[in-house]
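**Q**
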Amino acid sequence: MRYFIEFSYNGKEYHGWQNQPNAISVQRVLEEALSKLLRTKISVMGAGRTDAGVHASQMFAHFDIEDSFDVESIVFKLNCFLPKNIAIHNIFRVNDKAHARFNATSRTYHYKIATKKNVFTYDLAYHIYFSLDVDKMNAACKILFDYNDFQCFSKSNTDVKTYHCTIKEAFWKLDENQLIFKITADRFLRNMVRAIVGTMIEIGLGKIEVEQLHNIIKSKSRSEAGYSVPANGLYLTNIVYPEKIKQIN
């Protein structure tokens with residue numbers, strides 16, 4: 278039987294989602310907790326790979342198990358057993374072919390910039406005290422919709438088959454002393470959001486003209502785009518799946 282698990286995590290203490298040697302990952306901690314409580318070896322497949330220090334307010338993964346179990350009880354026990362920086366929200370049965378990564382139709386990220394010093398968010402947002410032209414940054418967002426090849430924002434030497442992504446929404450909004458970038462797409466390249474944000478910041482500071490973004494994207498060169506902003510301000514906030522994954526065969 279296949280189950281989806283919905284959870285969130287603060288990525289500060291982790292070297293990203295995916296298992297890796299000699300480093301602690303969210304995947305490893307979750308697999309160890311599930312295996313202990315369900316008394317069988319459990320491997321989980323996540324909806325995506327967040328980098329070291331990146332957070333997720335909504336993340337999904339799937340796992341397979343032969344025997345049924347009390348979902349409500351396991352959710353409660355997991356939340357007691359797991360460290361305070363990982364929270365389980367739901368576990369639900371899906372059809373046997375449902376895939377947490379490949380069946381996702383869209384993903385949404387938020388990037389948070391603190392515009393004033395805040396002792397409560399200093400490690401959960403990127404602090405910039407210079408004035409940013411948000412109107413120019415939003416004008417640049419509209420240019421993103423003209424393209425689907427975003428190699429210029431991808432981490433160099435990344436082994437991917439395609440750099441094509443369909444961006445469905447992208448905009449900046451000011452919420453009191455916090456500037457938030459929201460972007461939704463069918464898929465994202467490694468480091469893509471952080472590189473877009475860094476480029477947008479340079480536009481907001483007047484270092485790059487809005488119209489230059491066309492040439493940056495067309496260049497397909499990472500060196501032409503702006504810098505990558507720190508991971509601590511990035512949050513995976515929403516993943517959408519078709520309802521049919523819940524239809525049990």
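Under this note's numbering, the first residue of the sequence shown is numbered 278, with each subsequent residue one higher. Just so you know, even glycine gets a beta-carbon here, dropped at the ideal spot from N, CA and C.
Inspect the CB distances between the stretch 357 to 375 and the stretch 317 to 328 and report whether three or more fall short of 8 Å.
**A** no
**Q** Runs of 3 residues minimum, wholly inside the stretch 426 to 462: which ones carry the beta strand (DSSP E) assignment?
**A** 444 to 452, 455 to 462
**Q** If the criterion is Cβ atoms closer than 8 Å, does the pair N287 and T385 meet it?
**A** no
**Q** Return the CA-CA distance between I319 and T435, expressed in angstroms with no decimal places.
**A** 29 Å
**Q** Who are the Cβ neighbours of G503 in its own chain at under 6 Å, not counting the five residues just before and after it?
**A** G475, T476, E479
**Q** Does the distance from the C-beta atom of H339 to that of A377 stay below 8 Å?
**A** It is a contact, given that the beta carbons lie within the stated cut-off.
**Q** Which residue's Cα is closest to the Cα of A364: E488, E453, Q335, H441?
**A** Q335
**Q** Straight-line CA distance for A508 to I282?
**A** Cα to Cα, the separation comes out at about 24 Å.
**Q** When you compare the stretch 303 to 317 with the stretch 380 to 398, are there three or more beta-carbon pairs, one atom per stretch, that lie closer than 8 Å?
**A** no
**Q** For the beta strand (DSSP E) that contains M336, what are its first and last residues?
**A** 332 to 341
**Q** For I301, count neighbouring C-beta atoms within 10 Å of its own C-beta (all shown protein chains included) and say buried if the count is 16 or more, exposed if not.
**A** It counts as exposed.
**Q** By Cβ distance below 8 Å, which residues in the same chain neighbour N356 in space, the five residues on each side in sequence not counted?
**A** A364, I365
**Q** Leaving out the 5 sequence neighbours to the left and right, which residues in its chain are closer than 7 Å to Y440 when beta-carbon positions are compared?
**A** Hits under 7 Å: D426, F427, Q428, S431, L466.
**Q** Cα separation between V321 and E308?
**A** 6 Å
**Q** For A329 versus Y291, is the C-beta distance shorter than 8 Å?
**A** yes
**Q** Among V348, L401, I390, which one has its Cα closest to the Cα of N362?
**A** L401
**Q** Going by other Cβ atoms of all chains shown within 10 Å of its Cβ, with 16 needed for buried, is F397 buried or exposed?
**A** By the Cβ neighbour-count rule, F397 is exposed, with fewer than 16 other Cβ atoms within 10 Å of its own.
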